[in-house]
Amino acid sequence: MFTLKYYDKKNTFDNSILDKYINIMDMYDRGVIFFDLIKNAAYFNEKCGNVFDTYSDMSKIEKFIDDIEKDFYKDDEKNKEVKLTDLEDSITYTIKHLTEEKKIKYILCTVEKKANAGNSKERKYLSRIIGESDVMLNLKEKVKIVGRYDSTILLLGQTGTGKELFAKAIHDISPRRNKKFIVVNCGAIPDSLLESELFGYEKGAFTGANSNGKVGKFEEADGGTIFLDEIENMSQFMQNKILRAIEDRKICKIGSNKEVGVNVRIIGATNIELKKMVEEGKFRKDLYYRLNVICFKIPSLIERKDDIFLISDYLIEKYCKVFKKNIIGLSPKVKKLFNIHKWEGNVRELRNVIEYAMNFENSNYITEASLPDEFIGENEV
1 MFTLKYYDKK NTFDNSILDK YINIMDMYDR GVIFFDLIKN AAYFNEKCGN
51 VFDTYSDMSK IEKFIDDIEK DFYKDDEKNK EVKLTDLEDS ITYTIKHLTE
101 EKKIKYILCT VEKKANAGNS KERKYLSRII GESDVMLNLK EKVKIVGRYD
151 STILLLGQTG TGKELFAKAI HDISPRRNKK FIVVNCGAIP DSLLESELFG
201 YEKGAFTGAN SNGKVGKFEE ADGGTIFLDE IENMSQFMQN KILRAIEDRK
251 ICKIGSNKEV GVNVRIIGAT NIELKKMVEE GKFRKDLYYR LNVICFKIPS
301 LIERKDDIFL ISDYLIEKYC KVFKKNIIGL SPKVKKLFNI HKWEGNVREL
351 RNVIEYAMNF ENSNYITEAS LPDEFIGENE V
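Under full-length UniProt numbering, the first residue of the sequence shown is numbered 1, with each subsequent residue one higher.
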C-alpha cells in the first residue's frame with residue numbers, strides 16, 4: 001500500500017525536483033498524483049481530490065494506486081480506464097515518467113473522472129434547472145449541499161415552478177441515487193386509497209384486494225427517496241400514518257400486525273402555506289415540523305424575471321430538435337409580451353406557450369402571430 005501525503009511547500013516535502021514541477025502541476029486541468037520510486041510519498045493536487053471526492057479519507061486514492069501499480073513502469077502515455085467499486089464513475093489515467101540525468105526519478109499520474117453512461121443521464125436533473133438569477137444560483141448551491149445528506153426536505157412553490165425537478169436533483173446528488181425515486185401525488189389519489197398506495201396491503205386484506213397483496217410506495221422506495229407532492233391534501237388520519245413512518249422508520253401494511261422497517265429519504269412538497277394550515281388546525285403541527293427540517297421556497301417565474309429569456313432559449317433549442325426547425329429566438333415584440341406577462345403558470349406555462357408557438361412558427365424567430373390567442377388577449381395593451 002502506498003503512503004500518500006498532501007504536499008506542503010513549507011514543511012512537508014523538501015525536494016528541488018518536486019518544487020520545479022509543483023506549480024506546473026497545479027495548473028493541470030486533470031488531477032495529478034506524484035510519486036517517488038520508493039512509493040512511500042506523494043503529492044496530489046486539488047483537482048485530484050475532487051476526482052476522488054475526498055481529502056479526509058485517503059483510502060479511495062490508495063485503492064486506485066494499488067489497482068494501477070502494474071502500469072507504473074510502462075511509459076506509453078495512453079489513456080487507460082479503471083472502475084473502483086466504491087466510486088460511481090470510472091477513472092481514466094495516464095502514467096508519465098519524469099527523468100533527471102536520463103534516469104527515472106519520479107512518476108506522474110494524471111487522473112480524470114469519466115461519467116458512466118448509466119449515471120450521466122441521471123445527473124442531468126440539476127443541469128435541467130435553468131436559471132442564472134441570484135435567487136436560483138443560491139438555491140442550486142444549497143441543493144448541492146443538502147443532496148449529500150439525508151435530512152427531510154419540504155419544498156414550497158406555486159404550481160409549475162419545478163418542485164419535482166428539484167426533488168429529483170436532490171435525489172440524484174445523494175448517496176441514494178442508485179435506488180428508486182418514487183413520486184406520490186397525494187392530491188391525485190382518493191384518501192380511501194392513499195393508505196394502501198403508500199403502505200401496501202396483505203392478500204385478502206379487503207374485498208377487491210389483489211390476491212397476491214400489494215407492495216406500498218414506502219417499501220418500493222426502500223433505500224431511495226419518496227417524494228410526497230401536494231401533501232396538504234392528506235387527511236388527518238393519513239397525516240398521522242406519515243408521521244409515524246417518519247419517526248419510527250417503520251410501516252404496517254393494511255391487514256397485517258407486523259411492522260416493516262423502511263429506509264427512505266422523504267421530500268415533501270406543497271403549493272400553499274402549510275404553516276397557515278397548522279394555525280387553522282388543518283395540518284398536524286408535529287408533522288409540519290418533522291417535514292420542515294430543511295425548507296426551500298422555489299421562486300415563481302415572475303420573481304426571477306431575468307431567467308425568462310434564458311429558459312425560453314433552452315426550450316426553443318429543445319423543441320427545434322423535436323420539430324426539426326431552425327428557430328433561433330424570440331422576436332423583439334414577443335420579448336416585450338413575455339416581459340409584461342404575469343406567468344401565473346410559471347415555467348410550465350412558459351413551456352406550453354413555447355411549444356404551441358413552435359408548432360406554427362415558420363420563420364427564424366417566434367413571432368406574435370404564432371402565440372396562443374389566449375396569451376395575446378391577456379397581454380393586450
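Idealized CB from N, CA, C, for every residue including glycine. Bear in mind the structure is a predicted one, so any value in this text is a computation, not a measurement.
- Per DSSP, reduced to three states, the secondary structure at G281 is coil, with no helix or strand assignment.
- Around C186, the same chain offers L194, L228, D229, E230, I231, N233, M234 as residues with beta carbons nearer than 7 Å, after the five sequence neighbours per side are excluded.
- If you draw a 10 Å sphere on the C-beta of G268, you find 16 or more other C-beta atoms in it, and that means buried.
- Contact between I294 and S151 holds: CB atoms are separated by about 5 Å, below the 8 Å threshold.
- Rounded to whole angstroms, the gap between the alpha carbons of G131 and W343 is 16 Å.
- The C-alpha of L350 is placed about 8 Å away from the C-alpha of I311.
- Contact between the segment 348-362 and the segment 308-325 is present, with at least three C-beta pairs closer than 8 Å.
- Scanning its chain for C-beta atoms nearer than 7 Å, with the 5 sequence neighbours on each side dropped, one finds around K217 the residues I182, V184, E197, L198, I226, in chain order.
- Beta bridge pairing from DSSP links G157 with no other residue.
- Annotation note: the segment 217-281 contains the following uninterrupted alpha helix (DSSP H) runs of length 4 or greater, listed N- to C-terminal: 217-220, 236-248, 274-279.
- For N185, the enclosing beta strand (DSSP E) has its first and last residue at 181-185.
- When the beta-carbon positions are compared, E112 and Y125 stay at least 9 Å from each other.
- Inter-residue distance for L155 and I129 is about 15 Å (C-alpha atoms, whole angstroms).
- Per DSSP, the beta bridge partners of H97 are I107.
- I327 is not a Cβ neighbour of I266, given a cutoff of 9 Å.
- F323: member of the alpha helix (DSSP H) spanning 308-323, first to last residue.
- In the structure shown, V32 falls within a strand segment according to DSSP collapsed to helix, strand and coil.
- At a Cβ-Cβ threshold of 9 Å, G157 and N271 count as neighbours.
- Counting other Cβ atoms within 10 Å of its Cβ, L137 stays below 16 and is therefore classed as exposed.
- Nearest to A221 by C-alpha distance, out of C252, K333, N263, V82, is N263.
- If you look at F52, you'll find it isn't in any alpha helix (DSSP H); DSSP assigns it neither H nor E.
- The beta-carbon distance between I33 and F72, rounded to whole angstroms, is 11 Å. This is too long to meet the 8 Å contact definition.
- Across the set Y288, E280, K258, the C-alpha of Y288 shows the shortest separation from the C-alpha of E247.
- DSSP places F72 outside any beta strand (DSSP E), giving it a letter other than H or E.
- Residue environment: E361 is assigned as buried (16 or more neighbouring CB atoms within 10 Å of its CB, all protein chains considered).
- Taking 9 Å as the cut-off, the beta carbon of I298 is found closer than this to the beta carbon of L139.
- Here the alpha carbons of F166 and I254 stand approximately 32 Å from one another.
- Between E368 and K325, the CB-CB gap reaches or exceeds 9 Å.
- Here the alpha carbons of E62 and I68 stand approximately 10 Å from one another.
- Between I251 and G200, the C-beta gap is smaller than 9 Å, which places the two residues in contact.
- Looking at the backbone, the Cα of V146 and that of L291 are separated by about 14 Å.
- The Cβ atoms of G261 and R249 lie closer than 9 Å to each other.
- Our two residues, G281 and D306, have alpha carbons roughly 38 Å apart in a direct line.
- For K163, the enclosing alpha helix (DSSP H) stretches over residues 163-173.
- Shown here for T159: same chain residues with a beta carbon closer than 6 Å to its own, the five before and five after excluded, namely N271 in chain order.
- Listed in chain order, the non-local C-beta contacts of F296 below 6 Å within the same chain comprise L155, local neighbours out to five positions each way being set aside.
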